[in-house]
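Asker: Dumping the structure here so I can ask a few things about it.
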Amino acid sequence: MRSYLCHKTTESFELDGRLDKSPWTQAAWTDDFVDIEGDTKPKPRFRTRAKMLWNDEFLFVGAELEEPHVWGTLTQRDSVIFQDNDFEVFIDPNGDNQLYAEFEMNALNTVWDLLLIKAYRDGGPAVVGWDMHSLKSAVHIDGTLNDSSDKDKGWSLEIAFPWKDLGEIAGTHCPPAHGDQWRINFSRVEWHHEIIDGKYHKIPGRPEDNWVWSPQGVVDMHRPHMWGVLEFSTAPFGEGAVHKLDGLDERLALMEINEAQRLYHAQTGHWAKTLKDLGVYPTGASMYATPTLYEAVIGHWHVDSYGRLWKA
49 MRSYLCHKTT ESFELDGRLD KSPWTQAAWT DDFVDIEGDT KPKPRFRTRA
99 KMLWNDEFLF VGAELEEPHV WGTLTQRDSV IFQDNDFEVF IDPNGDNQLY
149 AEFEMNALNT VWDLLLIKAY RDGGPAVVGW DMHSLKSAVH IDGTLNDSSD
199 KDKGWSLEIA FPWKDLGEIA GTHCPPAHGD QWRINFSRVE WHHEIIDGKY
249 HKIPGRPEDN WVWSPQGVVD MHRPHMWGVL EFSTAPFGEG AVHKLDGLDE
299 RLALMEINEA QRLYHAQTGH WAKTLKDLGV YPTGASMYAT PTLYEAVIGH
349 WHVDSYGRLW KA
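Whatever position you read off the sequence shown (first residue = 1), add 48 for our numbering.
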């Protein structure tokens, strides 16, 4: 699980997609992205990395995507952007696996922002009509867009996520305070393509690559408990460190129970009544279940049949 210390800036800057300006030059890069399933899979073909900043109005995300052929087709906001090569951000402010934001953009700076009531695996619908009205974004192309006759270096981007819009779903301090921790992850969808008559075409039947910052272990971005830890800091750039996420061990153990319960329910149509039925035995865990719901507890931490994870 990755982590990032996000420093606060008081410096004003215009979004133009470039990260070679202050205050971005003071912010650290994340680790390079890896395959969504983790290091057991091949290293991504192209490098991807990101940076973050914040101020009193926005959470800023910047990213750099190596790409020898920068192309895109979708121009309508709230299109299904991952049908193009894209960059994606997932934000769960209070880390409860519910009411989290998903954002996608392509090299044309076409964006898709949506709200997940809960994860798809828990039956959650996506609310496409939810918009971050004060959102800002920009793209810089290091090369030529939609020109197959040459080789490009890639593209970079900036996103400004407004606190007043994220506050609608945060369930916690928004804007955050020094030391607050949120869950966040980034994904890059990269399609294998061929060039026909000078135009880019996805290769039929060839699945996309999914490269991420904090690996999920499976091909599914909608597992917020596996996302990275974003800690907000007011310390000067270069000072401070990310603290261990509160209840990390308990959260992971409870989600192990949750996964086992989901599989058990899919096979039997009801929830298991005991941990023995599931074959998992996390230290200090207890569980209560009826045919229609369950709740598991470790210390002050809980998870339920809706996939909600919280601290009492």
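Quick reminder that beta carbons are idealized off the backbone N, C-alpha and C, glycines included.
All values derive from a computational prediction rather than experimental measurement.
Which residues in the same chain have their Cβ closer than 6 Å to the Cβ of M303, if we skip the five residues on either side of it in sequence?
Answerer: Within the sequence shown, the letter at position 255 stands for residue 303. Result list for M303: H273, in chain order.
Asker: Using a threshold of 7 Å, state whether the C-beta atoms of E206 and G65 are closer than that.
Answerer: Within the sequence shown, numbered from 1, the residue matching residue 206 stands at position 158. Within the sequence shown, numbered from 1, the residue matching residue 65 stands at position 17. In this structure, G65 lies closer than 7 Å to E206 by Cβ.
Asker: Along the chain, where does the beta strand (DSSP E) containing A337 start, and where does it finish?
Answerer: Numbered from its first residue, the sequence shown carries residue 337 at position 289. Segment A333 to A337, the beta strand (DSSP E) holding A337.
Asker: At a cut of 8 Å, does the region 286-297 reach the region 247-254 through at least three beta carbon pairs?
Answerer: Verdict: no, contact absent.
Asker: Counting only the same chain and skipping the five closest in sequence on each side, list residues whose C-beta sits under 7 Å from that of K321.
Answerer: Walking along the sequence shown from the start, residue 321 turns up at place 273. So the list reads A337, once near-sequence residues are dropped.
Asker: With distance defined between alpha-carbon atoms, name the residue in F280, E343, A218 and E115 nearest to V237.
Answerer: On the sequence shown, residue 237 is found 189 positions in, with the first residue counted as 1. When each option's Cα is compared against that of V237, the closest is E115.
Asker: Let's test the definition: count the other Cβ atoms within 10 Å of the Cβ of T96 and tell me whether it reaches 16, buried, or not, exposed.
Answerer: On the sequence shown, position 48 is the one that residue 96 refers to. With 16 or more other Cβ atoms within 10 Å, it is buried.
Asker: Taking W230 as the reference, give the member of H240, W239, I217 and E242 with the closest Cα.
Answerer: Taking the sequence shown and counting its residues from 1, one reaches residue 230 at position 182. Looking at the Cα atoms, I217 is the closest of the given residues.
Asker: Taking C-beta to C-beta, are G276 and W261 nearer than 7 Å?
Answerer: The residue given as residue 276 occupies position 228 in the sequence shown. The residue given as residue 261 occupies position 213 in the sequence shown. Cβ distance < 7 Å, so G276 and W261 count as in contact.
Asker: Hey, could you find the ends of the alpha helix (DSSP H) Q315 is sitting in?
Answerer: Position 267 of the sequence shown, counting from 1, holds the residue named residue 315. L296 to T316 is the extent of the alpha helix (DSSP H) around Q315.
Asker: Three-state secondary structure (DSSP) at K212?
Answerer: Indexing the sequence shown from 1 puts residue 212 at position 164. DSSP places K212 in helix when its eight states are reduced to three.
Asker: Give me the Cα-Cα distance between S197 and D126, rounded to the nearest whole angstrom.
Answerer: Position 149 of the sequence shown, counted from the first residue, corresponds to residue 197. Position 78 of the sequence shown, counted from the first residue, corresponds to residue 126. Distance between the alpha carbons of S197 and D126: 30 Å.
Asker: Please work out which residues of its chain come closer than 6 Å, Cβ to Cβ, to D144, disregarding the five sequence neighbours upstream and downstream, and give them in chain order.
Answerer: For this step, residue 144 is matched to residue 96 along the sequence shown. R356, L357 and W358, listed in sequence order.
Asker: Classify G227 as buried or exposed, calling it buried when 16 or more other Cβ atoms lie within 10 Å of its own Cβ.
Answerer: Taking the sequence shown and counting its residues from 1, the one referred to as residue 227 is at position 179. By the 10 Å Cβ count, G227 comes out exposed.
Asker: Quick one: give me the first and last residue of the beta strand (DSSP E) that K247 is part of.
Answerer: Here residue 247 refers to the residue found at position 199 of the sequence shown. Element bounds for K247: K247 to K250.
Asker: Suppose the cutoff is 8 Å on Cβ atoms and the five residues either side in sequence are ignored; what does the same chain contact list for F106 look like?
Answerer: Numbered from its first residue, the sequence shown carries residue 106 at position 58. Once the five neighbours on either side are set aside, the close Cβ partners of F106 are K184, A208, F209, P210 and W211.
Asker: Check whether the region 162-170 and the region 70-77 are in contact - that is, three or more C-beta pairs closer than 8 Å.
Answerer: Contact between the region 162-170 and the region 70-77 is absent, because fewer than three Cβ pairs lie under 8 Å.
Asker: Measuring CB to CB, does A155 end up less than 7 Å from V187?
Answerer: To locate residue 155, count along the sequence shown from 1; it is residue 107. To locate residue 187, count along the sequence shown from 1; it is residue 139. For A155 and V187, yes; Cβs fall inside 7 Å.
Asker: Let me confirm a value: L341 is counted as buried when at least 16 other C-beta atoms fall within 10 Å, else exposed. Which label applies?
Answerer: To locate residue 341, count along the sequence shown from 1; it is residue 293. Looking at its Cβ environment, which holds fewer than 16 other Cβ atoms inside 10 Å, L341 is exposed.
Asker: Can you list, in chain order, the residues of its chain with a C-beta nearer than 7 Å to that of N29? Leave out the 5 residues immediately preceding and following it.
Answerer: Summary: the structure shown does not reach residue 29, with the chain confined to residues 49 through 360, and so no result is reported for it.
Asker: Compute the Euclidean distance between the alpha carbons of E150 and T158, then round it to the nearest angstrom.
Answerer: Numbered from its first residue, the sequence shown carries residue 150 at position 102. Numbered from its first residue, the sequence shown carries residue 158 at position 110. If I take the Cα positions, the gap works out to 14 Å.
Asker: Could you give the distance in angstroms between the alpha-carbon of H240 and the alpha-carbon of V266?
Answerer: As a first step, residue 240 is located in the sequence shown; it is residue number 192 there, counting from the start. As a first step, residue 266 is located in the sequence shown; it is residue number 218 there, counting from the start. So the alpha carbons of these two residues sit roughly 20 Å apart.
Asker: For a quick check, are the C-beta atoms of P339 and F280 less than 7 Å apart?
Answerer: Indexing the sequence shown from 1 puts residue 339 at position 291. Indexing the sequence shown from 1 puts residue 280 at position 232. No, they are not a contact pair.
Asker: Could you please give the first and the last residue of the uninterrupted beta strand (DSSP E) stretch that includes K359?
Answerer: Position 311 of the sequence shown, counting from 1, holds the residue named residue 359. Counting along the chain, the beta strand (DSSP E) containing K359 begins and ends at L357 to K359.
Asker: Would you decide whether P141 is buried or exposed? Buried here means 16 or more other CB atoms lie within 10 Å of its CB.
Answerer: To locate residue 141, count along the sequence shown from 1; it is residue 93. Buried, by the Cβ-count rule.
Asker: Return the CA-CA distance between D87 and K324, expressed in angstroms with no decimal places.
Answerer: The sequence position of residue 87 within the sequence shown is 39, counting from 1. The sequence position of residue 324 within the sequence shown is 276, counting from 1. Rounded to the nearest angstrom, the two C-alpha atoms are 32 Å apart.
Asker: What do you get for A98, buried or exposed, if any count of 16 or more other CB atoms within 10 angstroms of its CB means buried?
Answerer: Looking up residue 98 in the sequence shown gives position 50. By the 10 Å Cβ count, A98 comes out buried.
Asker: Extract the residue ranges of the beta strand (DSSP E) inside the region 142-203, only unbroken runs of 3 or more that lie entirely within it.
Answerer: For the region 142-203, whole beta strand (DSSP E) runs of length 3 or above, ordered along the chain, are 146-153, 159-166 and 184-190.
Asker: The beta strand (DSSP E) with D134 in it runs from where to where?
Answerer: If you number the sequence shown from 1, residue 134 lands on position 86. Where D134 is concerned, the enclosing beta strand (DSSP E) stretches over D134 to D140.
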